[in-house]
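Visitor:
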Ligand SMILES: [Zn+2]
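Residue numbers (this note's numbering): 74 to 532.
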């Protein structure tokens, strides 16, 4: 620990305290101050630690939650960055918070949720350290910010290339993610799902239609969702790797959990995964791969999966008078299609609220809603009484559902959150709210005037 890095930690801690004292918390200033004083601070602070980075388009936060529980089950200590703070500044702040005044971090693990584009800046000074990197998947996300999916893959790749001793954990079912296997690594493991998840799987593979190596159209043995599944290229031979941690089958779909049969490095393991929706099974599998790698037994893994608390997995439940609200965040077509799959299974009878904003954090270009397969929900939602639309682009969303043949006599636009919430409360119905990021923040902010809410974790 150099004097300079210790001084930088002090400066960061003092800046944080001053900001807290002045009531202007939650800025990126402490991280900036620290980096100015000591640009390679992360290399110093992480020196004697085990680092786990989780990146990818969807599922980062949930995967981190499950990994955190796994690490704690093992009896080790860990700190994480806040879900909304997954750029360099946020990660630096998390390290500074975890460090003592002696400039040293005392936990065994640093568990870092990393934005795909920020990964290379975060890991830049880790060098030869013991780093495990989990890549959950690559989907199209906020097109106007990241460009195409291949750009995202290359950004992740340029991060991983800075880690010659990296232990990779990759999604076998994602042709984009598993192409990262060719970066230099010390170990590599894959997770995946060995069979179709649903009877009527979505076949929208538009995010990755053509082979990343030779541009031939992929063929599939089966699909799970989006472009994920048993892909292969019969021109160059690129194909899905056999996963080390695989979901063999879902034995039972429950309300908010699934009973599954897994293959964990050759052992057949039965577990109940306490996360709602099939999309979360990938996040659980990624965490199981990490857990196995850090030495948890199969029994410990099963215990953690069965004990995950329900606020995980993006679906939040709140009682508003007699109305049960289920709130879920959507931020891209793949994630939205998974939420629709969940709704199809629920066969909703009450109200569904769709909320869409077009602020920077939602993506300025909302044309992505035309890549969401609302048509698949039309029939399953015939029993629903109301479809409400809110947010700045409520009318665009309403038009999209009109095209998908939803019953327009059940439509209503209400952009005023307070009016909307009052109405939902009076109805006393089960209500699903499907909201884009800033719409979720605004809605929750207003909802907190009606009912107490937990602090919001992005994703
Ligand atoms: Zn090919």
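The beta carbon of each residue, even a glycine, is placed where N, CA and C say it ideally should be.
Compute the minimum distance between the beta carbon of residue 305 and the heavy atoms of ligand 1, and state whether it is under 6 Å.
Guide: no
Visitor: Take every Cβ of the region 236-253, pair it with every Cβ of the region 160-171, and state whether three or more of those distances are shorter than 8 Å.
Guide: no
Visitor: Would residue 466 and residue 416 qualify as a contact pair, given that the criterion is a beta-carbon distance under 7 Å?
Guide: By the CB criterion at 7 Å, residue 466 and residue 416 fall outside the cutoff.
Visitor: Suppose you measure from the CA of residue 326 to the CA of residue 453; what does that come to, to the nearest Å?
Guide: 17 Å
Visitor: Three Cβ pairs or more, each shorter than 8 Å: is that satisfied between the region 350-365 and the region 134-146?
Guide: yes
Visitor: What I want to know is whether the C-beta of residue 283 ends up closer than 6 Å to one or more non-hydrogen atoms of ligand 1.
Guide: Answer for residue 283: no, Cβ out of range of ligand 1.
Visitor: Quick one, are the C-beta atoms of residue 423 and residue 487 less than 7 Å apart?
Guide: Here residue 423 is not near residue 487, since their CB atoms are 7 Å or more apart.
Visitor: Any chance you could list the beta strand (DSSP E) runs of at least 3 consecutive residues sitting entirely within the region 81-167, in chain order?
Guide: 123-128, 151-153
Visitor: Provide the residue span of the beta strand (DSSP E) that contains residue 322, from first to last.
Guide: 318-327
Visitor: Output the boundary residues of the beta strand (DSSP E) element that contains residue 264.
Guide: 260-266
Visitor: Compare the beta carbon distance of residue 427 and residue 507 with 7 Å and say whether it is the shorter of the two.
Guide: yes
Visitor: Measuring CA to CA, which of 407, 473, 227 is closest to residue 189?
Guide: 227
Visitor: Per the contact definition of three or more C-beta pairs closer than 8 Å, is the region 317-332 in contact with the region 107-119?
Guide: No, they do not touch.
Visitor: Considering Cα atoms alone, identify which of 88, 118, 91, 89 is closest to residue 77.
Guide: 118
Visitor: Distance check for residue 437 and residue 418, CA to CA, integer angstroms please.
Guide: Going from the Cα of residue 418 to the Cα of residue 437 covers about 31 Å.
Visitor: Leaving out five residues before and five after residue 44 in sequence, what residues of the same chain have Cβ atoms less than 6 Å from its Cβ?
Guide: As shown, the chain starts at 74 and ends at 532. That puts residue 44 outside it, with no answer to give.
Visitor: Report the option in 222, 168, 126, 157 whose CA atom is closest to the CA atom of residue 85.
Guide: 168
Visitor: Tell me the DSSP secondary structure of residue 363 in three-state form.
Guide: helix
Visitor: Using the C-alpha atoms, what's the distance from residue 348 back to residue 385?
Guide: A caution first: residue 385 carries a pLDDT of 46, below 50, which makes its placement in the model too unreliable to give a value.
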